[in-house]
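To keep things clear, I will list the structure first and then write my remarks on it.
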Amino acid sequence: MRAMVYRGPYRIRVEDKRRPVIEHPNDAIVKVTRAAICGSDLHLYHGMMPDTRVGMTFGHEFIGVVDEVGPSVRTLQPGDRVMVPFNIFCGTCYFCARGLYANCHNVNPNATAVGGIYGYSHTCGGYDGGQAEYVRVPFADVGPELIPDWMDDEDAVLLTDAVATGYFGAQLGDIVEGDVVVVFGAGPVGLSAAASAWLMGAGRVIVIDHLDYRLAKARSFAHAETYNFTEHADIVVLMKKLTDHLGADVAIDAVGAEADGNLLQHITSAKLKLQGGSPIALNWAIDSVRKGGTVSVMGAYGPMFSAVKFGDAMNKGLTLRMNQCPVKRQWPRLFEHVRNGYLKPRELVTHRIPLEHIAEGYHLFSAKLDGCIKPLIVPSAA
Amino acid sequence: MTYTQQRPPMAESSDELRARIPGWGADLNPRHRPAVPMERLDPHPYGAVWDFPERQPEKWPRERSNEHAFLTPVFGTSCPPHGAAGAIRKLAYRRYSEGRAAHWLLLMAADRIDAKASTLRTFASRRPANPITETGIIAELKYHGLRSRRGQQRADLVHQPLDLLIVGGPWIAAAFGAYRLVRRIRPARARR
Chain A
24 MRAMVYRGPY RIRVEDKRRP VIEHPNDAIV KVTRAAICGS DLHLYHGMMP DTRVGMTFGH
84 EFIGVVDEVG PSVRTLQPGD RVMVPFNIFC GTCYFCARGL YANCHNVNPN ATAVGGIYGY
144 SHTCGGYDGG QAEYVRVPFA DVGPELIPDW MDDEDAVLLT DAVATGYFGA QLGDIVEGDV
204 VVVFGAGPVG LSAAASAWLM GAGRVIVIDH LDYRLAKARS FAHAETYNFT EHADIVVLMK
264 KLTDHLGADV AIDAVGAEAD GNLLQHITSA KLKLQGGSPI ALNWAIDSVR KGGTVSVMGA
324 YGPMFSAVKF GDAMNKGLTL RMNQCPVKRQ WPRLFEHVRN GYLKPRELVT HRIPLEHIAE
384 GYHLFSAKLD GCIKPLIVPS AA
Chain B
-12 MTYTQQRPPM AESSDELRAR IPGWGADLNP RHRPAVPMER LDPHPYGAVW DFPERQPEKW
48 PRERSNEHAF LTPVFGTSCP PHGAAGAIRK LAYRRYSEGR AAHWLLLMAA DRIDAKASTL
108 RTFASRRPAN PITETGIIAE LKYHGLRSRR GQQRADLVHQ PLDLLIVGGP WIAAAFGAYR
168 LVRRIRPARA RR
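Each protein sequence line maps, in turn, to chains A and B.
Here the first sequence stands for residues 24 to 405, numbered as in the working numbering.
Here the second sequence stands for residues -12 to 179, numbered as in the working numbering.
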């Protein structure tokens, strides 16, 4: 089969690779029909995530058609059209039993600090991902879900991570009616978090980024008030002025490890890899939120230490909430929101790239060219 | 006014927001929020019928965190460790827990060795590494690289040139090294 293959930092190519096989009785093999490149794939692409091996296939956002199932699979059969959450989870370990599907203890031998994620380095379990023609899906009775007949493929693929993560991030903010919510980052997760904040009763939603085209999307997609941080001397002071010097009630970090805004932080993390991530957006969130407020972290960071302003968080009495999103738990309610037109995931898609040209797709997304917000990958056989 | 006990007033009332934003307040009640509470006991969610899953066969000694009691019942089988990078990875997993910087620094070092060694290996294959196609730099032409940056106040424009150095630097250094080697060999042959 044809598959995207990592060759080293900033380098990928498409190769012929062995088609995945059933390795566990509850595995399924899914023929991928649509995949996406996630902002967090760029951390792998840039060589920031430890134990990212040459030869691995990335891709944790994908949908497809079941091609083959293992002998113990009861809920799926070949031909089923399925969406697959980015989390790999067993369903019954200590954490899964409590709904923490992103923290499953039975799927990642390489680390206890994170669960299993498709195509996300060996630190996340060493599974190949969905930027390929076929992918192995463990625990087929637990993770995948049949795509409802009414749902568009592009809505479905966005629900496997980006939109679900944004919605989850807004929930972790514990928003109450009238809250001022500031979202750092106008990528797909930030845009989804901003749109979701309204569903939870926010009184004001502010989005911060440095890319004008993404801020325009935040206004149209998420009805948000927007600010470009490059146009302001100090974004934290601006946030205080905008909130009558109280600070926002809730701040959401939807940027993560490669945040811009402080050159030293960015270079020491994204370029020199001396930190697990550049915590600029997180530090701005800590300083922008009011005392006693909540910071929700959806941005992905590596396992190494980062220079987070923890003292400010402590002194302000903040609640810091974070996790990888347990995607499947969000779906029943998210399906309603998509069907009612409250959330429109496919409006985030800006580019559709053939699998054979995926290296160009990664560069396009990484360098933020051509108004790129969300690139989808279309396998040649789809 | 923040410096008194009053909360600053909302710019728009809830009714105005409900009229302007489709779905405003649909999840106002926390009971409608699927992640609330964070922990919610459901011992066998979805199609999970096992208490402990059947074990996937271990076809080679699978490296694992020393914070795990045993190999997890299911695991990824992409890219088994091999060569010098593989030896370093095995050492990182065997000796250092996830709590130690040495664990992650060794894994990062192994990643760099893996990338360099595999690039060298491709030159002995039918498909040598190609920095032009593999970096996708052609997207600069296809997707308006100049127009996407010109006149934009983008914070990333300051450090994007570093990417060229990070990606192109080793290739330029290797080409220069090869050139010097050829120059050194040729006069030696001519002298013979």
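Built from N, CA and C at the ideal position, the CB exists for glycine as well.
It should be emphasised that the depicted structure is a prediction, and the values quoted were computed from it without experimental measurement.
So, are the CB atoms of A216(A) and A277(A) less than 7 Å apart?
Position 193 of the first sequence, counted from the start, is the residue given in the question as residue 216(A). Position 254 of the first sequence, counted from the start, is the residue given in the question as residue 277(A). For A216(A) and A277(A), yes; Cβs fall inside 7 Å.
Give the range of the alpha helix (DSSP H) segment to which L399(A) is assigned.
Taking the first sequence and counting its residues from 1, one reaches residue 399(A) at position 376. Not the alpha helix (DSSP H): L399(A) falls in the beta strand (DSSP E), residues 398 to 401.
Kindly identify the DSSP beta-bridge partner or partners of T249(A).
Numbered from 1 along the first sequence, position 226 holds the residue referred to as residue 249(A). Bridge partners of T249(A): V230(A).
With C-beta atoms as the reference, is G122(A) less than 7 Å away from N131(A)?
Stepping through the first sequence from its first residue, residue 122(A) is reached at position 99. Stepping through the first sequence from its first residue, residue 131(A) is reached at position 108. Against a cut-off of 7 Å, the Cβ pair of N131(A) and G122(A) comes out as no contact.
I think E410(A) touches V55(A), with their Cβ atoms under 8 Å apart; what is that distance to the nearest whole Å?
Since the first and last residues shown for chain A are 24 and 405, residue 410(A) lies out of range.
Along the chain, where does the beta strand (DSSP E) that runs through L343(A) open and close?
Position 320 of the first sequence, counting from 1, holds the residue named residue 343(A). Start and end: 342 to 345.
Less than 7 Å between the C-beta atoms of M38(B) and T98(A), yes or no?
In the second sequence, residue 38(B) corresponds to position 51, counting from 1. In the first sequence, residue 98(A) corresponds to position 75, counting from 1. The amino acid at residue 38(B) is misidentified as Met; the sequence shows Asp. No, Cβ-Cβ distance for D38(B) and T98(A) is not below 7 Å.
For N338(A), which of helix, strand or coil comes out of DSSP?
On the first sequence, residue 338(A) is found 315 positions in, with the first residue counted as 1. Correct three-state label for N338(A): helix.
Restricting to Cα atoms, I'd like to know which of I229(A), M106(A), A134(A), I86(A) is closest to N53(B).
As a first step, residue 53(B) must be located in the second sequence, where it is residue number 66. Ranking the options by Cα distance to N53(B), first place goes to A134(A).
When the distance is taken between beta carbons, is R34(A) closer than 7 Å to T59(B)?
The residue you call residue 59(B) lines up with position 72 of the second sequence. The residue you call residue 34(A) lines up with position 11 of the first sequence. No, the pair does not count as a contact, with Cβ atoms beyond the cut-off.
Residues of chain A with a CB under 9 Å from the CB of L187(B): which are they?
Residue numbering for chain B in the displayed model covers -12 to 179; residue 187(B) lies beyond these limits and cannot be assessed.
Mind checking which residues open and close the alpha helix (DSSP H) that includes V186(A)?
Locating residue 186(A) in the first sequence gives position 163, counting from the first residue. Note, V186(A): alpha helix (DSSP H), 185 to 195.
Let me check one thing: in DSSP terms, what residues is A274(A) bridge-paired to?
Stepping through the first sequence from its first residue, residue 274(A) is reached at position 251. According to DSSP, which records beta bridges pairwise, A274(A) is partnered with V205(A), V318(A).
Compute the Euclidean distance between the alpha carbons of W11(B) and S1(B), then round it to the nearest angstrom.
The sequence position of residue 11(B) within the second sequence is 24, counting from 1. The sequence position of residue 1(B) within the second sequence is 14, counting from 1. Their Cα atoms are separated by approximately 9 Å.
Compare the beta carbon distance of Y141(A) and G149(A) with 7 Å and say whether it is the shorter of the two.
Within the first sequence, residue 141(A) is the residue found at index 118, counting from 1. Within the first sequence, residue 149(A) is the residue found at index 126, counting from 1. Taking 7 Å as the Cβ cut-off, Y141(A) and G149(A) do not qualify as a contacting pair.
Considering only DSSP beta bridges, list what R36(A) is partnered with.
Working through the first sequence from its first residue, we reach residue 36(A) at position 13. BP columns for R36(A) point to V28(A).
In terms of alpha-carbon separation, which member of K77(B), I124(B), R171(B) lies closest to W47(B)?
Indexing the second sequence from 1 puts residue 47(B) at position 60. Out of K77(B), I124(B), R171(B), K77(B) has the C-alpha closest to the C-alpha of W47(B).
Measure the C-alpha to C-alpha separation of Q353(A) and N117(B) and round it to an integer number of angstroms.
Stepping through the first sequence from its first residue, residue 353(A) is reached at position 330. Stepping through the second sequence from its first residue, residue 117(B) is reached at position 130. Going by the C-alpha atoms only, they are around 42 Å apart.
Say whether the segment 357 to 367 of chain A touches the segment 329 to 349 of chain A, bearing in mind that this needs 3 or more beta-carbon pairs closer than 8 Å, one atom from each stretch.
At 8 Å Cβ cutoff, the stretches do not touch.
Closest to I198(A) by CA distance: which of D64(A), D272(A), P402(A) is it?
Against the first sequence, residue 198(A) aligns to sequence position 175. That would be D272(A), whose Cα lies nearest to the Cα of I198(A).
Restricting to Cα atoms, I'd like to know which of M262(A), P377(A), D257(A), P302(A) is closest to G279(A).
Along the first sequence, read from residue 1 onward, the residue named residue 279(A) stands at position 256. That would be P302(A), whose Cα lies nearest to the Cα of G279(A).
Return the residues of the segment 114 to 125 of chain B that lie within a Cβ-Cβ distance of less than 9 Å from chain A, sorted by chain order.
Per Cβ criterion, the list reads R114, A116, N117, P118, T120, E121, T122, G123, I124, I125.
Would R141(B) pass as an interface residue toward chain A - the criterion being a Cβ-Cβ separation below 7 Å?
As a working mapping, residue 141(B) is identified with position 154 in the second sequence. It does: the Cβ of R141(B) has a partner Cβ on chain A nearer than 7 Å.
With 7 Å set as the bound, which would you pick, yes or no: does the beta-carbon of C113(A) sit closer than that to a beta-carbon of chain B?
Translated into positions along the first sequence, residue 113(A) becomes position 90. So yes, C113(A) belongs to the interface.
Taking the straight line between their C-alpha atoms, what separation do you get for A102(B) and F112(A)?
Here the question's residue 102(B) lines up with position 115 in the second sequence. Here the question's residue 112(A) lines up with position 89 in the first sequence. Each residue's alpha carbon lies about 30 Å from the other.
With C-beta atoms as the reference, is A274(A) less than 7 Å away from V312(A)?
On the first sequence, residue 274(A) is found 251 positions in, with the first residue counted as 1. On the first sequence, residue 312(A) is found 289 positions in, with the first residue counted as 1. Yes, the Cβ-Cβ distance between A274(A) and V312(A) is below 7 Å.
Taking C-beta pairs closer than 8 Å, name the residues in chain A that F163(B) reaches, listed in chain order.
Within the second sequence, the letter at position 176 stands for residue 163(B). In chain order: nothing, as chain A lies at least about 20 Å away.
List the residues of chain B that G12(A) touches, going by C-beta distances under 7 Å, in chain order.
No statement about residue 12(A) is possible, as the shown extent of chain A runs from 24 to 405 and does not include it.
For E84(A), list the residues DSSP reports as bridge partners.
Residue mapping note: residue 84(A) aligns to position 61 of the first sequence, counting from 1. Paired residues: A59(A).
Below 7 Å on C-beta distance, what does Q194(A) contact in chain B?
For the purposes of this step, residue 194(A) is taken as residue 171 along the first sequence, with counting starting at 1. Result: R20, A22, V23.
Out of Y117(A), H268(A), D283(A), which has the shortest C-alpha to C-alpha gap to L28(B)?
Here residue 28(B) is taken as the residue at index 41 of the second sequence, counted from 1. Answer by Cα proximity: Y117(A).
What separation, rounded to the nearest whole angstrom, lies between the Cα atoms of L4(B) and A245(A)?
For this step, residue 4(B) is matched to residue 17 along the second sequence. For this step, residue 245(A) is matched to residue 222 along the first sequence. Rounded to the nearest angstrom, the two C-alpha atoms are 13 Å apart.
So with Cβ pairs under 7 Å, would you call L94(B) a contact of chain A?
Within the second sequence, the letter at position 107 stands for residue 94(B). So yes, L94(B) belongs to the interface.
Can you tell me which of M27(A), L341(A), I52(A), V212(A) puts its alpha carbon nearest to the alpha carbon of G102(A)?
On the first sequence, position 79 is the one that residue 102(A) refers to. Selected option, being the one with the closest Cα: I52(A).
If you draw a straight line from the C-alpha of A89(B) to the C-alpha of V96(A), how long is it?
The count along the second sequence starts at 1 and reaches residue 89(B) at position 102. The count along the first sequence starts at 1 and reaches residue 96(A) at position 73. If I take the Cα positions, the gap works out to 41 Å.
Is it the case that the Cβ atoms of G394(A) and Y236(A) are separated by a distance below 7 Å?
Your numbering for residue 394(A) matches position 371 in the first sequence. Your numbering for residue 236(A) matches position 213 in the first sequence. Against a cut-off of 7 Å, the Cβ pair of Y236(A) and G394(A) comes out as a contact.
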